[in-house]
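Engineer: Got a structure for you, written out below as C-alpha cells; questions coming shortly.
Numbering (the working numbering), first residue to last: 2 to 506.
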C-alpha cells in the first residue's frame, strides 16, 4: 500500500478539516489474557475435546471387540479402557508384580499427530503470544483431564483386576511432554515465522539450515533402518513358525500379528541404533554389530529380523550407512550454507539435533519388559556413535562440497507469505485495516514528492480555519461567481507504475 493511497483512505469521510480519521478506540493494544471471543472459545473447546473424545471412542470400541472375541467378563471393561489409554501415552503399567514399560509406539504416534493437526487448524494467521498460550493450554487440557479420570478408574478397579495405578507424576509428566510436542509441531507447521518472531534473540541462519538438515538426516536414517529390517525379515523367514509357536488358534495368530505391527516403529528405531554400532539390549543379553550376548528374547513375530549370534565378520560394514547419511547431509549444507572448514556451525548443529532426536525416539521405543528386564538401545553408546558418524561424515561432505561442487541456487523463501488469509473478511470500500506504525506518513516524503509539472492545482493547505471566514471554490480562470453551497471534494490519483509520465487521469 503506497503512502498516497493510505492517506486517501485515512482521510475519507472527513469534512476538509485536514485531520486523519482516528482508528477505532483500543486498536493496537493487546486484549487482556482472559478475554476470549465466543468464536475463539468455541475453537479452543474443539481443540481440547475433539481429539480426546475420538481417541476414547476408538479405545472403548477396541477393548469391547477384544473382550467379546476372547470371551472375557465385561466387568473389567472400565479398568481395561483406562489401562489402554494410559498405555497409549507410554505410561508404564504394573500388572501384579510385572512392570510393562515397553509399549508400542503406533498408538502414541497417531494420538500426537491428531492433536498436532487439530492445533495447526486452530492457529490464527498472525498469532499473538496470548493466543498461542491459550492454544497450548487447550491442547493439554483434554488429555490431562482424561488421564486423571483413568487414574481414578484404575484405582477403583484394583479390587477387580490386578492392575495397579501408576504414579500421578509419571502419568501427567508423559502426557504433558507428548502433547507439548504436539502443540509445538502444530504451531510451527502453521506459523513458523510468527513463532520465530517471539524468540527474544535473533536466530542465526546456520541454526535454521542445520535444523532442516537434521530433519532430512533423521528421515534418511529411519528409511535405511526400515529397509534393513525388511531385508532381514525376508532373510529369516524360517523363524516364522517358531514366532507363532505359542498361538493356539486363529484369534491368537491375529492378536500376535496386530501386536507386532503396533511394535514395528520400536523395531525400526532399534535397527537404526544397531546400524550405528550401538547394542540393542534384552535384559542381560545384547545384540550388536561386534558381538552377540545370549539373553531371553520375547517370542514375537516383530523380532524375526533380529540377527542371531555369533556375529559375522561383515556386520561392521553396516557402519557405512550412518556415515553415508552424514556425508550426504554435509554435502547439502556445503552447497546451501556458509559453512567452511573453520566454522562448520550448521553441520555441527545438524549432527547434534539428529542425535537428540534419536535419543528421544530410543527412550520412547524402549522400556522394562517384565522378567526380561530393560529392552532397548544402549543410550550412551547411541549418543556417542551418532554424534561421531553424523558429525565426522557431515564435516567430510561439507568440505568436499565447498571445494568440488558449485553452490546450490538459493530457493525462494515463501515463509513470509500467508496463503490462508480469508480475503472475504475484508470490505473493499470501508473496512481497511491500518496500523499506525506501518501507515504513518513521513513529512519529508511528502515534501520530496514531485508532482507532474503539467498539472496545476488551485489549492492551498489551510491549517487554521476561522469559522467566520467564507471559503469559496472556483475553477481556475472562471469569471462566474462561486455558488453558495460549498462542495467537499478531493482528487484521488491512482498509483502510477515507474517510468510512466502520464497524468493518471
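For glycine and all other residues, C-beta sits at the position ideal for the given N, C-alpha and C.
Quickly, what does DSSP pair residue 344 with across the bridge? List them, please.
Structural biologist: In the DSSP output, where bridge partners are listed per residue, residue 344 has 341.
Engineer: When you compare each of 298, 148, 212, 237 to residue 80 by their alpha carbons, which one comes out closest?
Structural biologist: The candidate whose alpha carbon is nearest that of residue 80 is 148.
Engineer: Skipping 5 residues on each side, what residues in its chain have a beta carbon closer than 8 Å to that of residue 361?
Structural biologist: Answer for residue 361: no residue qualifies.
Engineer: Could you have a look at residue 293 and say whether DSSP puts it in helix, strand or coil?
Structural biologist: If DSSP states are grouped into helix, strand and coil, residue 293 belongs with the strands.
Engineer: I'd like the list of long-range same chain contacts for residue 383, defined as Cβ closer than 7 Å, with 5 residues on each side in sequence excluded.
Structural biologist: Contacts found: 274, 277, 279, 359, 360, 363.
Engineer: Considering only their Cβ atoms, is the gap separating residue 86 from residue 151 smaller than 8 Å?
Structural biologist: Yes.
Engineer: Considering residue 390, what are the terminal residues of the beta strand (DSSP E) in which it resides?
Structural biologist: Per DSSP, residue 390 belongs to no beta strand (DSSP E); it is in the alpha helix (DSSP H), 380-405.
Engineer: At which residue ranges does the region 87-151 contain complete beta strand (DSSP E) runs of 3 or more residues, listed in the order of the chain?
Structural biologist: Segments of the beta strand (DSSP E) lying fully in the region 87-151: 94-96, 99-101.
Engineer: For the candidate residues 42, 317, 134, whose alpha-carbon lies nearest to that of residue 196?
Structural biologist: Of 42, 317, 134, the residue nearest in Cα terms is 134.
Engineer: Going by DSSP, name the residue or residues bridged to residue 287.
Structural biologist: Note: residue 287 sits in a beta bridge opposite 282, 294.
Engineer: Would you be able to state if there are at least three C-beta pairs under 8 Å between the region 69-76 and the region 229-243?
Structural biologist: No, the region 229-243 does not touch the region 69-76.
Engineer: Between the beta-carbon of residue 312 and the beta-carbon of residue 298, is there less than 8 Å?
Structural biologist: Going by C-beta atoms, residue 312 is not nearer than 8 Å to residue 298.
Engineer: Starting from the Cα of residue 385, find the closest Cα among 89, 112, 357 and give me that residue.
Structural biologist: Residue 385 has its Cα closest to that of 357, out of 89, 112, 357.
Engineer: What three-state label does DSSP hand residue 370 in the structure shown?
Structural biologist: The answer is strand: DSSP assigns residue 370 an E or B state.
Engineer: Enumerate, from N- to C-terminal direction, the unbroken beta strand (DSSP E) stretches of 3 or more residues contained entirely within the region 58-90.
Structural biologist: Correct list: empty.
Engineer: By Cβ distance, which residues of its chain are closer than 7 Å to residue 127, with the 5 residues on each side in sequence left out?
Structural biologist: 195, listed in sequence order.
Engineer: Between 373, 392, 302, which has its C-alpha nearest residue 331's C-alpha?
Structural biologist: Taking only the C-alpha atoms, the option nearest residue 331 is 392.
Engineer: Just tell me which of 366, 156, 155, 55 has its CA closest to the CA of residue 115.
Structural biologist: For the residues 366, 156, 155, 55, the minimum Cα distance to residue 115 belongs to 55.
Engineer: Quick one: residues in its chain with C-beta nearer than 7 Å to the C-beta of residue 61, no 5 flanking neighbours on either side, listed in chain order?
Structural biologist: For residue 61, where only same-chain residues beyond five positions count, the Cβ hits under 7 Å are 82.
Engineer: If we count the other Cβ atoms within 10 Å of its Cβ and call it buried at 16 or more, is residue 504 buried or exposed?
Structural biologist: Caution is warranted here: a pLDDT of 49 is assigned to residue 504, below 50, making its placement in the model unreliable, and no coordinate value can be reported.
Engineer: Have a look at 52, 337, 237 and flag the residue whose alpha-carbon is nearest the alpha-carbon of residue 108.
Structural biologist: The shortest Cα separation from residue 108 among 52, 337, 237 belongs to 52.
Engineer: Please classify residue 238: is it buried, with 16 or more other beta-carbons within 10 angstroms of its beta-carbon, or exposed?
Structural biologist: So residue 238 counts as exposed.
Engineer: Could you have a look at residue 161 and say whether DSSP puts it in helix, strand or coil?
Structural biologist: Of the three classes helix, strand and coil, the one that applies to residue 161 here is coil, per DSSP.
Engineer: Report yes or no: is there a C-beta of chain C within less than 8 Å of the C-beta of residue 351?
Structural biologist: Chain labels in this structure do not include chain C; a single protein chain is all it has.
Engineer: With a threshold of 16 other CB atoms inside 10 Å of the CB of residue 40, please say whether the residue is buried or exposed.
Structural biologist: Exposed is the call here.
Engineer: Between residue 120 and residue 188, is the Cβ-Cβ spacing less than 8 Å?
Structural biologist: For residue 120 and residue 188, yes; Cβs fall inside 8 Å.
Engineer: Nearest to residue 336 by CA position, among 44, 404, 259, is which residue?
Structural biologist: Here the closest residue by C-alpha is 404.
Engineer: Check this for me: beta carbons of residue 268 and residue 303, under 8 Å apart or not?
Structural biologist: Yes, Cβ-Cβ distance for residue 268 and residue 303 is below 8 Å.
Engineer: By the three-class DSSP mapping on this structure, what secondary structure does residue 315 have?
Structural biologist: Looking at residue 315 - three-state DSSP - the assignment turns out to be coil, as it is neither helix nor strand.
Engineer: If you compare alpha carbons, which of 323, 373, 353, 396 is closest to residue 344?
Structural biologist: If we check each option's Cα against that of residue 344, 396 comes out closest.
Engineer: Under DSSP, the alpha helix (DSSP H) around residue 267 begins and ends at which residues?
Structural biologist: Note, residue 267: alpha helix (DSSP H), 265-277.
Engineer: Nearest to residue 112 by CA position, among 91, 131, 315, is which residue?
Structural biologist: If we check each option's Cα against that of residue 112, 91 comes out closest.
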